[in-house]
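Following: one structure in structure tokens, then a few remarks.
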Amino acid sequence: MQKLFCLLLCLGLGRPAFSQQGRAWALDAQTQRITFEGTCLVAGASQSELAARTRSWAGARRPATKPLVVAAAPETGVAVLTGTEEMLYPTPTQLVRVPLHYTLTLTLEAGSYHYRATDFVVETAGSPAPVYVPAETFLAQVPAAAGPNYPYLVRTAFEEATAQLLGSLQAQLTPAPTQPLQAD
């Protein structure tokens, strides 16, 4: 039995498998596009305060060459932001940086906000102009020819880029509570 276990380890069957399909992301029922959404509570924050935090976050996020586009309807509390996040993934010979475009819709209310990130598009190098590929297509067509872990690495890069985007949004709109000073 011990020899069989060692043989399986040598064959690579004992290591964690990297799925070619990767994680199944939530898809919008109508558009079939990857969608991240959630509602966050922000105790004591007014709608106007959340709108100011959104503007501050948008101003800090935008690269100088690609400004974040904000379409806001203050009367409804809805802000639609279109921007770019950098996605970095390894190939067999180099690290590749590609722009990941997205649409982020925020619904701001007193004490809470709802976010919906969707319409992810990967901008790849093309000749003579860049090629824009929906993230769902890009992630499904990652070639395994570059190595058995390559699809896993690209999907992980997408997850990291979206986590960075949503993490920075939540950090700006939902600041950590301040701790009162303790007397000694």
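Numbering-wise, the sequence shown is residues -19 to -1, 1 to 165 according to mature numbering (1 follows the signal peptide of the UniProt record, and there is no 0).
Glycine included, C-beta positions come from ideal geometry on N, C-alpha and C.
No experiment lies behind these values; they were computed from the predicted model shown.
Given residue i as reference, the closest of the options once Cα atoms are compared
i, options, result
"Ala5", "Gly58, Leu147, Ala116 and Pro129", "Ala116"
"Thr12", "Thr99, Glu141, Pro129 and Ala152", "Thr99"
"Ala54", "Gly107, Val23 and Ala32", "Ala32"
"Thr74", "Glu140, Arg34, Gly128 and Ala41", "Gly128"
"Phe101", "Ser108, Arg42, Val114 and Pro109", "Val114"
"Phe145", "Arg42, Pro111, Ala121 and Glu56", "A small fix is needed here, since residue 145 is Gln in this sequence, not Phe. Taking only the C-alpha atoms, the option nearest Gln145 is Arg42."
"Leu155", "Glu30, Thr72 and Glu56", "Before going further, note that residue 155 is Thr rather than Leu in the sequence given. For Thr155, the nearest C-alpha among the options comes from Glu30."
"Arg36", "Glu18, Gly58 and Leu22", "Gly58"
Residue(s) in a DSSP beta bridge with residue i
i, result
"Gly58", "Note: Gly58 sits in no beta bridge, so no partner."
"Phe119", "The partner list for Phe119 (beta bridge, DSSP) is empty, contrary to what the question assumes."
"Glu104", "Tyr113"
"Phe17", "Ala98"
"Pro71", "Leu76"
"Gly64", "Tyr83"
"Glu140", "None, per the DSSP bridge assignment."
"Glu90", "Ser93"
"Leu8", "Ile15"
"Leu22", "Ser93"
Cut-off 7 angstroms between Cβ atoms - residues of its own chain near residue i, not counting five sequence neighbours on either side
i, result
"Phe119", "Val103"
"Tyr70", "Val77, Leu134, Val135 and Ala138"
"Val79", "Met68, Val103, Glu104 and Thr105"
"Leu150", "Trp38 and Tyr96"
Cβ shell of residue i (< 8 angstroms), same chain only, five flanking positions each side left out
i, result
"Val123", "Tyr131, Pro132, Val135 and Arg136"
"Leu8", "Arg14, Ile15, Thr16 and Glu117"
"Ala24", "Gly92"
"Ala121", "none"
Cutoff 6 angstroms; reference residue i; Cβ partners in own chain excluding five residues on either side
i, result
"Ala91", "Ser27 and Gln28"
"Ala142", "Glu66, Met68 and Leu81"
"Gln153", "Arg34 and Trp38"
"His95", "Thr20 and Thr88"
"Gly40", "none"
"residue 168", "A query on residue 168 cannot be resolved here, the shown segment of the chain reaching from -19 to 165 and no further."
(message) Measuring CB atoms only, is the segment 55 to 62 touching the segment 72 to 90, in the sense that at least three cross pairs come out at less than 8 angstroms?
(response) With the cut-off at 8 angstroms, the segment 55 to 62 and the segment 72 to 90 touch.
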